[in-house]
Amino acid sequence: MASVVNALGLEGVQLQAGSGTVPADEALAGKHVALYFSAHWCPPCRGFTPVLAEVYQKLQQQGKEFEVVFVTADRSKSQFEEYFAQMPWLAVPFDDASLQRRLSERFGVQGIPRLVILGPDGAVVAHDARAAVMADRAGAGFPWAGAAGPTGLAGRVTGGAGVGADARQEA
């Protein structure tokens, strides 16, 4: 049976947590996973992050099998650390630009914020759930199946290569 960890190629990967690292296999197994492509320097991202954090905490309190993984487009480690300190979930470590780029390219991320939600089996449930989450702060529509997001891109990060190291190099 497929899993979100296998589908994302995260076997053996250590994700950053508030107090260290955690194996992706343990943290994500059996859960819906939201990949949150975002950056400290992006005003729409900074506006959405507290909303997502509120919804995330509500879903956790309700016992939902849900985890968010922040995939940064920050240009410096200090920006990443400052921004990630505001988040109650996990992150791809700042120094793992290869994984950031691979995830960004896989989901065609060309603008941020972007919230891709996958089911426990690794299938994409929502290509961009940001607008759905903004409209559903109680989390009643979780996992926001079929959400496709707005037609425009809020924060353009690269010329099509995706977020991660490329965005840092262009800075």
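Quick note on our numbering: the sequence shown kicks off at 6 and runs consecutively. Don't be surprised by glycine CBs; every beta carbon is placed ideally from N, CA and C. As the structure is a computational prediction, the values presented were derived from the model and not from experiment.
message: I'd like the span of the beta strand (DSSP E) that includes residue 19, first residue to last.
response: Here residue 19 corresponds to residue number 14 of the sequence shown, with the count starting at 1. 19 to 22 is the span of the beta strand (DSSP E), which, as asked, contains residue 19.
- prompt: Would you call the CB atoms of residue 123 and residue 114 closer than 8 Å?
  reply: The sequence position of residue 123 within the sequence shown is 118, counting from 1. The sequence position of residue 114 within the sequence shown is 109, counting from 1. No, Cβ-Cβ distance for residue 123 and residue 114 is not below 8 Å.
- prompt: If residue 125 and residue 70 are in contact, beta carbons under 8 Å, what's the gap, nearest whole angstrom?
  reply: Residue numbering aside, residue 125 sits at position 120 when the sequence shown is read from its first letter. Residue numbering aside, residue 70 sits at position 65 when the sequence shown is read from its first letter. Residue 125 to residue 70, Cβ: 7 Å. Contact.
- request: Quick one: grab the DSSP three-state call for residue 31.
  value: Numbered from its first residue, the sequence shown carries residue 31 at position 26. Helix at residue 31.
- request: Reducing DSSP to helix, strand and coil, say where residue 112 ends up.
  value: One-based indexing of the sequence shown puts residue 112 at position 107. Coil.
message: What does the alpha-carbon distance come out to for the pair residue 20 and residue 76?
response: If you number the sequence shown from 1, residue 20 lands on position 15. If you number the sequence shown from 1, residue 76 lands on position 71. Looking at the two C-alpha atoms, the distance is approximately 10 Å.
- request: Starting from the Cα of residue 101, find the closest Cα among 52, 79, 64 and 65 and give me that residue.
  value: To locate residue 101, count along the sequence shown from 1; it is residue 96. Closest in C-alpha terms to residue 101, from the list 52, 79, 64 and 65, comes 79.
query: Roughly how many angstroms lie between the CA atoms of residue 116 and residue 141, to the nearest whole one?
result: Translated into positions along the sequence shown, residue 116 becomes position 111. Translated into positions along the sequence shown, residue 141 becomes position 136. Approximately 22 Å, taken between the alpha carbons.
query: Where residue 10 and residue 34 are concerned, what is the direct C-alpha to C-alpha distance, given to the nearest angstrom?
result: For this step, residue 10 is matched to residue 5 along the sequence shown. For this step, residue 34 is matched to residue 29 along the sequence shown. Roughly 7 Å separates the two Cα atoms.
field: In DSSP terms, what residue 43 is bridged to
entry: Position 38 of the sequence shown, counting from 1, holds the residue named residue 43. According to the DSSP secondary-structure assignment, residue 43 is paired through a beta bridge with 77.
Helix, strand or coil at residue 13 according to DSSP, with G and I counted as helix: Here the question's residue 13 lines up with position 8 in the sequence shown. Secondary structure at residue 13: helix, using DSSP grouped into helix, strand and coil.
- request: Starting from the Cα of residue 46, find the closest Cα among 18, 13, 26 and 88 and give me that residue.
  value: Numbered from its first residue, the sequence shown carries residue 46 at position 41. For residue 46, the closest of 18, 13, 26 and 88 by C-alpha to C-alpha distance is 88.
query: The alpha helix (DSSP H) spanning residue 51 covers which residue range?
result: As a first step, residue 51 must be located in the sequence shown, where it is residue number 46. Its alpha helix (DSSP H) spans residues 48 to 66.
task: Measure the alpha-carbon distance for residue 24 versus residue 103 and round it to whole angstroms.
output: On the sequence shown, residue 24 is found 19 positions in, with the first residue counted as 1. On the sequence shown, residue 103 is found 98 positions in, with the first residue counted as 1. Answer to the nearest angstrom: the Cα atoms are 23 Å apart.
query: Does the Cβ-Cβ distance between residue 118 and residue 49 come in under 8 Å?
result: The count along the sequence shown starts at 1 and reaches residue 118 at position 113. The count along the sequence shown starts at 1 and reaches residue 49 at position 44. Taking C-beta atoms as the reference points, residue 118 and residue 49 count as a pair closer than 8 Å.
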